[in-house]
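J.:
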Amino acid sequence: MTELEEHIKRLIRAGGPIPLSVYMGLALGHPEYGYYHHREVFGTEGDFITAPEISQMFGELIGLWCVQRWRDMGSPGEFILCELGPGRGTLMRDALRAARLAPDFLQAAQLHLVETSRRLRALQREALQRPVIWHDGVTQLPQIPAIFIANEFFDALPIRQFLRRDNQWREKMVAIDPASDDLCFCLSPAPLADVSILPAAMRRAPEGGIAEISPGAQAVLQILAGHIAGQGGAALIIDYGPAASSPGDSFQALRGQRYSDPLRNAGHADLTAHVDFQTLALIAHAAGCKTDGPIPQGAFLSRLGLHLRARKLSQSATPEQRAAISSALHRLTGPQEMGGLFKALALGHPDLPLSPGFGE
Ligand SMILES: C[S@@+](CC[C@H](N)C(=O)[O-])C[C@H]1O[C@@H](n2cnc3c(N)ncnc32)[C@H](O)[C@@H]1O
């Protein structure tokens, strides 16, 4: 049993079952034992590989996307370039390298990173080698125009889950199974009082269906959208999930690149859930932003010129490097791979033209 599991069991013994969102928040974010705070999570040695870790092309194209958005914004002399959940800093490192094509952009950019893990902050400092302002959340940003990037950030924010039974919704909680002493799921005794917190499409789930919401993701999106509507700017969100809100259980654990039981090995497995893009887009509209997408990641990257960039890189590559570029291209754009499973959603101030990568 992990130390975090022991800690969570003590909490449950003292106060009763905890909501799934509290369990997920502790498993990922406990300052000492949380997953992102102590474990090497990325790459072939870790539990999962993200797009920027697959290929430098991903971050490079996003860097050029940022440059174009900054020009669309009228090239403000000072703006926030902010990444949420930057992991090892790979995406931002590649983006800034590509943006050297536009020295005036780099001159104007104030680099801000939203990252709670001190361990990952140290890796980001090493990767970026330039002044960075770190934040634990998005509430402390200076009031100037901003470009936000979030790749696989929203899927790491805790979710609440509700199960439909007898025409009522009960929240999924984490308890201790008295027979085995293991963590297990149970349902809240009281039904959900205000079903309007569930998106309409989820409320139509049949008996036994599951609805998921991420109050944390909604709150972050609301702040980003408010900032963009008020100060000017844009955001690019790339993550795992369907384009439209739909019921279903997407809570999952990855350990050593394999699915595992999310209630075992707390703090030693990555926990994620699908991002509800439709709800995020609705929140952005309500805050005064316009949105483009969501569209599949493969389409977005192809329209930004991924295939051209791959051909260019291949020209000076060894046969092994060429094979790696071709495999990366397949993983990033293949409809059965990240290309179809991941979606891109852009937010923008209403005065901005269509976001690069979202037109035909
Ligand atoms: C799956 S990783 C994605 C890393 C990176 N974007 C990439 O594509 O390689 C999630 C990142 O979000 C950070 N993170 C998770 N929950 C967070 C929170 N509540 N606030 C700030 N950062 C968080 C993690 O520490 C990590 O850097």
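For the sequence shown, position 8 matches number 18 in our numbering, and the numbering has no gaps at all.
Where is the CB? At the ideal position from N, CA and C, for every residue including glycine.
Pick helix, strand or coil for Asp361, following the three-state DSSP scheme.
T.: Here Asp361 sits in coil by DSSP.
J.: Looking only at its own chain, which residues have a Cβ that is under 8 Å from the Cβ of Leu197, when we skip the five neighbours before and after it?
T.: Closer than 8 Å at the Cβ level, and outside the excluded window around Leu197, lie Leu173, Arg175, Arg180, Glu181, Lys182, Met183.
J.: So, with DSSP's three-state summary, where would you put His17?
T.: Of the three classes helix, strand and coil, the one that applies to His17 here is helix, per DSSP.
J.: At a threshold of 6 Å, does Tyr46 count as lining ligand 1 (C-beta to nearest heavy atom)?
T.: Within the cutoff, so yes.
J.: At which residues does the alpha helix (DSSP H) containing Arg180 begin and terminate?
T.: Premise fails: Arg180 lies in the beta strand (DSSP E), 178–186, not in any alpha helix (DSSP H).
J.: For Ala160, count neighbouring Cβ atoms within 10 angstroms of its own Cβ and tell me buried if that reaches 16, exposed if not.
T.: The residue in question, Ala160, is buried, as its Cβ has 16 or more Cβ neighbours within 10 Å.
J.: So, under 8 Å CB-CB, Glu162 and Asp249 are touching, yes? Tell me the CB distance rounded to an integer number of Å.
T.: Confirmed, about 6 Å.
J.: Buried or exposed for Lys322, going by 16 or more other Cβ atoms inside 10 Å?
T.: It is exposed - the Cβ of Lys322 has fewer than 16 other Cβ atoms within 10 Å.
J.: For Tyr269, count neighbouring C-beta atoms within 10 Å of its own C-beta (all shown protein chains included) and say buried if the count is 16 or more, exposed if not.
T.: Exposed.
J.: Does the distance from the C-beta atom of Gln78 to that of Pro366 stay below 7 Å?
T.: Against a cut-off of 7 Å, the Cβ pair of Pro366 and Gln78 comes out as a contact.
J.: Could you spell out the range, first to last residue, of the alpha helix (DSSP H) harbouring Tyr33?
T.: Start and end: 30–39.
J.: What's the gap between the Cα of Ala309 and the Cα of Pro363?
T.: Using only the alpha carbons, I get a separation of about 19 Å.
J.: Could you check where the alpha helix (DSSP H) with Pro234 kicks off and where it finishes?
T.: Pro is not the amino acid found at residue 234; the sequence shown has Leu there. Taken as a continuous stretch (DSSP letters only), the alpha helix (DSSP H) holding Leu234 covers 225–241.
J.: Please name the residue in Ala185, Ala245, Ser190, Glu13 whose C-alpha comes closest to that of His40.
T.: When only C-alpha atoms are compared, the closest one is Glu13.
J.: With a cut-off of 8 Å, do at least 3 Cβ pairs link the stretch 348–361 to the stretch 243–263?
T.: Judged by Cβ distances under 8 Å, the stretch 348–361 makes contact with the stretch 243–263, as three or more pairs qualify.
J.: I'd like the list of long-range same chain contacts for Leu121, defined as Cβ closer than 6 Å, with 5 residues on each side in sequence excluded.
T.: Result list for Leu121: Leu91, Val142, in chain order.
J.: Using 8 Å as the Cβ pair cut-off and three pairs as the minimum, do the stretch 295–303 and the stretch 233–241 touch?
T.: Touching, yes.
J.: Assign Gln134 to one of three DSSP states: helix, strand, or coil.
T.: In the structure shown, Gln134 sits in a helix (DSSP, three-state: H, G or I).
J.: Return the CA-CA distance between Lys1 and Leu30, expressed in angstroms with no decimal places.
T.: Summary: the structure shown does not reach residue 1, with the chain confined to residues 11 through 370, and so no result is reported for it.
J.: For Ile72 and Asp271, what's the separation of their Cα atoms in angstroms?
T.: Each residue's Cα considered, the two are about 34 Å apart.
J.: Quick check on the DSSP output: the beta strand (DSSP E) that includes Thr282 runs from which residue to which?
T.: That run of the beta strand (DSSP E) goes 280–282.
J.: Does the structure place the stretch 202–218 close enough to the stretch 126–146 that three or more beta carbon pairs sit under 8 Å?
T.: Taking 8 Å as the limit for Cβ pairs, the verdict is that the stretch 202–218 does not touch the stretch 126–146.
J.: Along the chain, where does the beta strand (DSSP E) containing Leu173 start, and where does it finish?
T.: From DSSP, the beta strand (DSSP E) with Leu173 extends over 170–175.
J.: With DSSP collapsed to three states, give me the class of Ala211.
T.: Of the three classes helix, strand and coil, the one that applies to Ala211 here is helix, per DSSP.
J.: Please report the straight-line C-alpha distance between Pro27 and Pro168, rounded to a whole angstrom.
T.: Going from the Cα of Pro27 to the Cα of Pro168 covers about 16 Å.
J.: Within the chosen definition, does the stretch 281–295 reach the stretch 316–333 through at least 3 CB pairs nearer than 8 Å?
T.: Segments in contact, no.
J.: Among the candidates Gly344, Asp280, Gly242, Arg332, whose CA atom is the shortest distance from the CA of Ile157?
T.: Closest option to Ile157, Cα to Cα, is Gly242.
J.: In three-state DSSP terms, what is Pro2?
T.: The structure shown does not extend to residue 2, since the chain is modelled only from 11 through 370, so no value can be given for it.
J.: When you compare only the Cα positions, how much space is there between Leu123 and Ala112?
T.: If you take the alpha carbons of Leu123 and Ala112, they lie about 21 Å apart.
J.: Spatial neighbours of Leu342 within its chain, please: C-beta separation below 8 Å, excluding the five flanking residues on both sides.
T.: Counting only Cβ-Cβ distances below 8 Å, and skipping sequence neighbours, we find Ala61, Ile64, Ser65, Met67, Phe68, Gln307, Gly308, Leu311, Leu316, Met348, Gly349.
J.: Can you check which of these residues, Arg81, Leu202, Leu193, Ala203, is closest to Leu37 by C-alpha distance?
T.: Here residue 37 turns out to be Ala, not Leu, going by the sequence shown. Per the Cα distances, Leu193.
J.: Got a sec? Which residues, its chain only, sit under 8 Å from Asp114 by beta carbon, not counting five neighbours each side?
T.: Excluding sequence neighbours, Asp114 sits near Ser85.
J.: What span of residues does the alpha helix (DSSP H) with Pro62 cover, start to end?
T.: Counting along the chain, the alpha helix (DSSP H) containing Pro62 begins and ends at 61–64.
J.: Given Leu151, which residues of its chain have a CB within under 8 Å of its CB, disregarding the five upstream and five downstream residues?
T.: Answer for Leu151: Ile90, Cys92, His122, His145, His237, listed in chain order.
J.: Enumerate in chain order the residues of its own chain whose CB-to-CB distance from Gly266 is below 7 Å, with the five nearest sequence positions on each side excluded.
T.: The answer, listed in chain order, is Asp57.
J.: Please classify Met34 as buried or exposed, where buried requires at least 16 neighbouring CB atoms within 10 angstroms.
T.: Buried, by the Cβ-count rule.
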